[in-house]
Amino acid sequence: MTKQEKIEYVINTLNKLYPEIPIPLDHKDPYTLLIAVLMSAQSTDVRVNKITPLLFEKADNPYDMVKLSVEEIREIIKPVGLSPMKSKGIFGLSKILINKHNGNVPKSFELLEELPAVGHKTASVVMSQAFGIPAFPVDTHIHRLMYRWNLSNGKNVIQTEKDAKRLFPRHLWNDLHLQIIWYGREFSPARGWNLDKDLITKTVGRKSVIKDYYKSKKP
3 MTKQEKIEYV INTLNKLYPE IPIPLDHKDP YTLLIAVLMS AQSTDVRVNK
53 ITPLLFEKAD NPYDMVKLSV EEIREIIKPV GLSPMKSKGI FGLSKILINK
103 HNGNVPKSFE LLEELPAVGH KTASVVMSQA FGIPAFPVDT HIHRLMYRWN
153 LSNGKNVIQT EKDAKRLFPR HLWNDLHLQI IWYGREFSPA RGWNLDKDLI
203 TKTVGRKSVI KDYYKSKKP
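Take any residue in the sequence shown, note its place counting from 1, add 2, and you have its number in my numbering.
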């Protein structure tokens, strides 16, 4: 199978499995998405989706958010982890949005990444999911699967993003990054992985990964 055939197989399989693609984090606009993505760092989407309604009930826009103290924000978001850093980031970026952007989330990678606690991945999620601008945010699932599928060397997420953008058509990036996340959770997790159910890896996967998997299953 050539690299191009692998890419087409991945795209076609994901489209069959996920013709409708849900957004993992609940939100209603770019601001609430930005806050939810920031909160999701080293946490789960399920946990974040339980906590964001509590926060957004008090403040779902930057003007109301800055009326809360950092400590108040921290108390609400504590269950998602890293609350000292995240609460400062939420408060700080809300102030900047008011002072520099008229309370709006900017449609720019550069301006988003200037905000406190907002890195490239968070900015990429907002650009793709809030504004429909092509981006390829790489999370642990995408990083793992790009390596398993022999489409990236697994060196780091920066390299994985470069490879994904180079290999997949730009107009598909926004759908594909979500489809790969859902596929990783359902069929190709880090733990409890069953390769026999993981059709894509079984078909296009790195030979050493497949060999190691079966070796680990031998009694």
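The beta-carbon is built from N, C-alpha and C at its ideal position, and this holds for glycine as well. These numbers were taken from a predicted model, which means no experiment stands behind them.
Short of 6 Å from the beta carbon of R172, and not among the five residues preceding or following it, lie these beta carbons of its own chain, in chain order: P136.
Residue P32 holds the alpha-carbon nearest to the alpha-carbon of P64 among P32, M41, V39 and I78. A Cβ-Cβ contact shorter than 7 Å links I78 with L57.
G94 carries a helical assignment under DSSP once its states are collapsed to helix, strand and coil.
The segment 181-193 and the segment 14-25 touch, with three or more beta-carbon pairs separated by less than 8 Å. The beta-carbon separation of K123 and P139, rounded to 5 Å, stays under the 8 Å limit for a contact. In this structure, the CA atom of T46 is about 15 Å from the CA atom of L36. The DSSP-derived three-state label of A43 is coil. Put simply, the backbone Cα of S42 is about 30 Å away from that of R208. Exclusion of the five residues before and after Q131 leaves I25 and L35 as the residues of its chain whose Cβ lies within less than 7 Å of its Cβ. Per DSSP, the unbroken alpha helix (DSSP H) holding S126 starts and ends at H122 to Q131.
A distance of 7 Å or more separates the beta carbons of S96 and I75.
Beta-carbon to beta-carbon, L197 and T205 are separated by about 11 Å, too far to satisfy the 8 Å threshold. Here G105 is near L99, since their CB atoms are less than 7 Å apart.
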